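Colleague:
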Amino acid sequence: MLSYGRQTIDEADIAAVVEALRAPQLTCGPLVARFEQAFAAWCGAPFASVCSSGTSALHLAYAALGIGPGDEIITTPITFSATAAAAYYVGATVRIADVDPRTGNLAPASVAPLITPRTRAIVAVHLGGLPADMAELRALARSRNLFLVEDACHALGATYAGRRVGADDSDAVVFSFHPVKHLTTGEGGAVIVRDAAAKKRVDRLRQHGIVREPGAWAYEVQELGWNYRLSDIACALGLAQLSKLDGFLAARRALAAHYRAELARVFPGDDRISAPPEFADRESAYHLFAVAIDFAGFGVTRDRAMAELGAAGIGTQVHYIPLLHHPLHIGRCPDECARPRPGTDHYFARTLSLPLYPTLAPADATRVVEELHRVLLGGSR
Ligand SMILES: Cc1ncc(COP(=O)(O)O)c(C=O)c1O
44 MLSYGRQTID
54 EADIAAVVEA
64 LRAPQLTCGP
74 LVARFEQAFA
84 AWCGAPFASV
94 CSSGTSALHL
104 AYAALGIGPG
114 DEIITTPITF
124 SATAAAAYYV
134 GATVRIADVD
144 PRTGNLAPAS
154 VAPLITPRTR
164 AIVAVHLGGL
174 PADMAELRAL
184 ARSRNLFLVE
194 DACHALGATY
204 AGRRVGADDS
214 DAVVFSFHPV
224 KHLTTGEGGA
234 VIVRDAAAKK
244 RVDRLRQHGI
254 VREPGAWAYE
264 VQELGWNYRL
274 SDIACALGLA
284 QLSKLDGFLA
294 ARRALAAHYR
304 AELARVFPGD
314 DRISAPPEFA
324 DRESAYHLFA
334 VAIDFAGFGV
344 TRDRAMAELG
354 AAGIGTQVHY
364 IPLLHHPLHI
374 GRCPDECARP
384 RPGTDHYFAR
394 TLSLPLYPTL
404 APADATRVVE
414 ELHRVLLGGS
424 R
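The numbers in the working numbering rise by one with no breaks, and the one at position 46 of the sequence shown is 89.
Following this line, the structure appears as structure tokens:
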């Protein structure tokens with residue numbers, strides 16, 4: 044079965060983890076700072092803090108920025124639940140904007156009307172690895188004195204205006220190291236913040252709010268924090284994976300180009316199906332390869348297409364069921380549900396993520412496109 048995403052682990056990764064298991068410290072040891080420094084340098088950022096997941100990275104980011112009860116953040120409906128849930132963890136309210144129907148990314152024009160005196164942050168998600176409209180969102184955040192947070196869980200290695208995501212001066216940029224992402228530590232994540240004081244706060248919150256002088260036995264718990272640490276075992280895997288990240292990215296981009304060419308070959312001139320759009324000022328990291336399909340135009344439901352692809356050994360997924368379709372978020376944002384979101388409706392109705400990971404064989408990608416053609420054009424019915 045081809046899954047929509049999966050990890051890429053080799054013997055060097057396994058050897059690195061085994062070596063870490065033989066070290067005196069399995070956690071809170073030297074590999075944490077080494078991984079943080081190497082990760083930050085790769086992104087072009089001054090520093091990073093690693094933690095236990097992308098979700099905890101979001102929680103740490105919101106908490107370190109001082110977002111709390113009574114505050115509002117504005118984000119996209121086309122994201123994983125954690126983007127919003129982490130705001131609930133700090134007691135904030137989430138306002139849900141609309142997306143660009145072509146990309147599924149936050150539409151800047153839909154953000155401005157949601158800004159209130161309580162708004163503290165705009166949270167962009169780089170869906171599938173394609174950076175959101177950061178120039179517009181940054182200008183809006185600056186003009187309204189709001190934090191700009193990037194949920195870059197899909198976008199490690201993406202570039203915007205020639206700079207890697209994480210290198211720009213957003214207030215926080217968050218990554219995930221879940222196995223389907225660009226590099227994995229099993230579970231894990233990272234936060235990049237702009238100044239040393241913010242990094243210190245993130246690091247303190249990651250470890251129970253504890254402050255300890257170097258070398259001292261005594262410590263002080265200064266505020267409520269969590270255990271969101273990443274172990275040395277996980278950091279060993281992260282370092283080994285990081286050394287291969289350029290290759291992982293190149294493989295993902297080559298497969299995306301292959302899919303694009305195969306879609307053009309197998310569906311020539313058919314405007315009912317399209318590859319994800321590309322833009323001159325940004326380069327996707329291709330966490331996902333999500334095609335837009337006019338299922339009604341083909342006379343087949345998405346459920347049926349996914350089931351038939353599954354029967355042919357091809358796993359697909361939908362990224363994402365919009366936040367406001369879930370009881371959690373409906374319950375939290377009842378006044379938000381009724382507002383029309385035409386971009387979201389359009390994007391959600393059409394999107395389908397095809398298998399994409401560095402070791403996917405181009406021949407398998409070709410088979411995916413050919414099976415998609417059979418399923419959509421009724422060859423099996
Ligand atoms: C956009 C987005 N944000 C946040 C997360 C949460 O990351 P994690 O699974 O590492 O907690 C994910 C994970 O899938 C994600 O895709």
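Even glycine gets a Cβ: it sits at the ideal position worked out from N, Cα and C.
Values in this document were obtained by computation on a predicted structure and should not be read as measured data.
Pick helix, strand or coil for phenylalanine 322, following the three-state DSSP scheme.
Modeller: Of the three classes helix, strand and coil, the one that applies to phenylalanine 322 here is strand, per DSSP.
Colleague: Pull the bridge partners of glutamine 250 from the DSSP assignment, please.
Modeller: Partner(s): Asn270.
Colleague: Would you kindly check if the distance between the Cβ of alanine 164 and the Cβ of isoleucine 110 is under 9 Å?
Modeller: Contact: yes.
Colleague: One question on the structure: do arginine 237 and aspartate 212 come within less than 9 Å of each other, judged by their Cβ atoms?
Modeller: Yes, Cβ-Cβ distance for arginine 237 and aspartate 212 is below 9 Å.
Colleague: Rounded to whole angstroms, what's the CA-CA distance from aspartate 53 to leucine 282? Just pull it up for me.
Modeller: Taking the straight line from one Cα to the other gives about 13 Å.
Colleague: For the candidate residues Pro144, Ala279, Leu103 and Leu108, whose alpha-carbon lies nearest to that of alanine 125?
Modeller: Nearest of Pro144, Ala279, Leu103 and Leu108 to alanine 125, Cα basis: Leu103.
Colleague: How would you label serine 186, buried or exposed, when you count the other beta carbons within 10 angstroms and need 16 or more for buried?
Modeller: By the neighbour-count rule (16 or more Cβ atoms within 10 Å), serine 186 is not buried but exposed.
Colleague: If you reduce the DSSP assignment to three classes, tell me which class glycine 183 lands in.
Modeller: What sits at residue 183 in the sequence shown is leucine, not glycine. The answer is helix: DSSP assigns leucine 183 an H, G or I state.
Colleague: Hey, is serine 286 close to ligand 1, as in C-beta under 8 Å from one of its heavy atoms?
Modeller: No, the Cβ of serine 286 stays beyond 8 Å of every heavy atom of ligand 1.
Colleague: Using a Cβ-Cβ cut-off of 7 Å (strictly less than) and excluding sequence neighbours within five positions of threonine 394, which residues of its own chain qualify?
Modeller: Excluding residues within five positions, the ones whose Cβ falls inside 7 Å are Gly147, Ala333, Ala335, Val361 and His362.
Colleague: Using the three-state DSSP reduction, which class does serine 476 fall into: helix, strand or coil?
Modeller: As shown, the chain starts at 44 and ends at 424. That puts residue 476 outside it, with no answer to give.
Colleague: Leaving out the 5 sequence neighbours to the left and right, which residues in its chain are closer than 7 Å to glutamine 284 when beta-carbon positions are compared?
Modeller: Within the same chain, glutamine 284 has close Cβ partners Asp56, Leu226 and Thr227.
Colleague: Near alanine 81, what residues of its chain come up, given a Cβ to Cβ distance below 7 Å and the 5 sequence neighbours on each side ignored?
Modeller: These residues qualify, in order along the chain: Leu282 and Leu285.
Colleague: Can we count histidine 221 as close to ligand 1, meaning its CB is less than 8 Å from some heavy atom?
Modeller: The answer is yes for histidine 221.
Colleague: Could you tell me whether the stretch 196-210 touches the stretch 253-270, where touching means 3 or more Cβ pairs closer than 8 Å?
Modeller: With the cut-off at 8 Å, the stretch 196-210 and the stretch 253-270 do not touch.
Colleague: Provide the residue span of the alpha helix (DSSP H) that contains glutamate 413, from first to last.
Modeller: Here the alpha helix (DSSP H) through glutamate 413 covers 405-419.
Colleague: Any chance the CB of glycine 229 is under 8 Å from a heavy atom of ligand 1?
Modeller: Checking the Cβ of glycine 229 against ligand 1 gives no.
Colleague: Considering only residues of the same chain and omitting the five flanking positions on each side of histidine 310, which have a CB-CB separation below 7 Å?
Modeller: In the sequence on display, residue 310 carries phenylalanine and not histidine. Result list for phenylalanine 310: Ile316 and His416, in chain order.
Colleague: Should valine 168 be listed as close to ligand 1, given that the test is whether its C-beta is under 8 Å from any heavy atom?
Modeller: Correct: valine 168 has its Cβ closer than 8 Å to ligand 1.
Colleague: Return the residue from the list Gly113, Leu189 and Glu79 that minimises the CA-CA distance to glycine 232.
Modeller: That would be Glu79, whose Cα lies nearest to the Cα of glycine 232.
Colleague: For the alpha helix (DSSP H) that phenylalanine 22 lies in, which residues bound it at each end?
Modeller: Residue 22 falls outside the range modelled here, since the chain spans only 44 to 424, and no answer is possible.
Colleague: Is it buried or exposed for isoleucine 364, if we count other Cβ within 10 angstroms and need 16 for buried?
Modeller: Per the 10 Å Cβ criterion, exposed.
Colleague: With 16 as the cutoff for other CB atoms within 10 Å, does cysteine 71 come out buried or exposed?
Modeller: It is exposed - the Cβ of cysteine 71 has fewer than 16 other Cβ atoms within 10 Å.
Colleague: Can you tell me which residues form a DSSP beta bridge with isoleucine 139?
Modeller: Partner(s): Thr118.
Colleague: Classify glutamine 265 as buried or exposed, calling it buried when 16 or more other Cβ atoms lie within 10 Å of its own Cβ.
Modeller: So glutamine 265 counts as exposed.
Colleague: Are serine 432 and glycine 172 closer than 9 Å when you measure CB to CB?
Modeller: Because the chain here runs from 44 to 424, residue 432 falls outside it and cannot be looked at.
Colleague: Counting along the chain, where does the beta strand (DSSP E) carrying phenylalanine 220 start and finish?
Modeller: Segment: none, phenylalanine 220 is in no beta strand (DSSP E) and carries neither H nor E.
Colleague: Grouping DSSP H, G and I as helix and E and B as strand, with all else coil, what is threonine 402?
Modeller: If DSSP states are grouped into helix, strand and coil, threonine 402 belongs with coil.
Colleague: Could you spell out the range, first to last residue, of the alpha helix (DSSP H) harbouring alanine 152?
Modeller: Unbroken alpha helix (DSSP H) run through alanine 152: 151-154.
Colleague: Excluding sequence positions up to five away, which residues of its chain have a Cβ less than 7 Å from the Cβ of arginine 244?
Modeller: The answer, listed in chain order, is Ala107.
Colleague: Judging by CA-CA distance, which residue of Pro401, Val411 and Leu420 is the nearest neighbour of arginine 49?
Modeller: Answer by Cα proximity: Pro401.
Colleague: Could you name the residues of the same chain whose beta carbon sits closer than 6 Å to that of threonine 136, not counting the 5 residues immediately before and after it, in chain order?
Modeller: Glu115, listed in sequence order.
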